[in-house]
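Novice:
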Amino acid sequence: MDTMQKDIVCGMEVTTDTPFHTEFEGETYYFCSEHCLEKFNIEPKLFTVKKEQEDCCGLHHHDNT
78 MDTMQKDIVC GMEVTTDTPF HTEFEGETYY FCSEHCLEKF NIEPKLFTVK
128 KEQEDCCGLH HHDNT
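Following my numbering, the numbering of the sequence shown begins with 78 at its first residue and continues without gaps.
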């Protein structure tokens, strides 16, 4: 049975049997379309850095120097 994953480019829920997927830094990412996959491949850090920041208890840092 296929599981659901979120397309980190557009936010759509997709199944893991989608032909649109790629690996980046040891993690597999799934996409709803070739367009979202290509957008991710152009600049993956644009999407993964935000994800890493959100994973930290929903907290974010303000640089108040």
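Don't be surprised by glycine CBs; every beta carbon is placed ideally from N, CA and C.
Assuming PHE101 is part of the beta strand (DSSP E), what are its boundary residues?
Specialist: From DSSP, the beta strand (DSSP E) with PHE101 extends over 98 to 101.
Novice: When the distance is taken between beta carbons, is PHE101 closer than 8 Å to ASP84?
Specialist: No. Outside cutoff.
Novice: Looking at the secondary structure, which residues open and close the beta strand (DSSP E) in which GLU90 lies?
Specialist: Here the beta strand (DSSP E) through GLU90 covers 90 to 92.
Novice: How many Å lie between GLU104 and HIS98 at the Cα?
Specialist: C-alpha separation (whole angstroms): 10 Å.
Novice: Within 10 Å of its beta-carbon, does LEU114 have 16 or more other beta-carbons around it, so buried, or fewer, so exposed?
Specialist: So LEU114 counts as buried.
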